[in-house]
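Only one structure is covered here, and it is reproduced in the block below.
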Amino acid sequence: MAKAVDCPCGVTVRGETDDELVTNVEAHVQSDHPDMVGTMTRDKIMEMAHDA
Ligand SMILES: [Zn+2]
């Protein structure tokens, strides 16, 4: 099932699988929120995830 995370900056990051969602969120954080790298753990991302 596809899932999505609503980033506080207003961007919705989606993934077709949990692994893809985590990868996409990590890529978004690295490009747009370098100061948050390391704080968005897989557990945190899955906690924020909802059905897309
Ligand atoms: Zn963001």
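In my numbering, the protein residues as written are 5 to 56. Backbone N, C-alpha and C define an ideal beta-carbon position, used for all residues, glycine too.
Would you grab the beta carbon distance between isoleucine 49 and valine 15 for me? Rounded to a whole angstrom, and I think it's under 8 Å.
Locating residue 49 in the sequence shown gives position 45, where the first residue counts as 1. Locating residue 15 in the sequence shown gives position 11, where the first residue counts as 1. That belief does not hold up - the Cβ atoms of isoleucine 49 and valine 15 are roughly 14 Å apart, past 8 Å.
Suppose you measure from the CA of valine 33 to the CA of alanine 53; what does that come to, to the nearest Å?
One-based indexing of the sequence shown puts residue 33 at position 29. One-based indexing of the sequence shown puts residue 53 at position 49. Each residue's Cα considered, the two are about 15 Å apart.
Valine 17 lies in the beta strand (DSSP E); which residues open and close that run?
Here residue 17 refers to the residue found at position 13 when the sequence shown is read from its first residue. 16-19 is the extent of the beta strand (DSSP E) around valine 17.
Measure the C-alpha to C-alpha separation of aspartate 55 and alanine 6 and round it to an integer number of angstroms.
As a first step, residue 55 is located in the sequence shown; it is residue number 51 there, counting from the start. As a first step, residue 6 is located in the sequence shown; it is residue number 2 there, counting from the start. Straight-line Cα distance between these residues: approximately 6 Å.
Report whether the distance from the Cβ of valine 15 to the nearest heavy atom of ligand 1 is below 7 Å.
Within the sequence shown, numbered from 1, the residue matching residue 15 stands at position 11. Valine 15: yes, Cβ under 7 Å from ligand 1.
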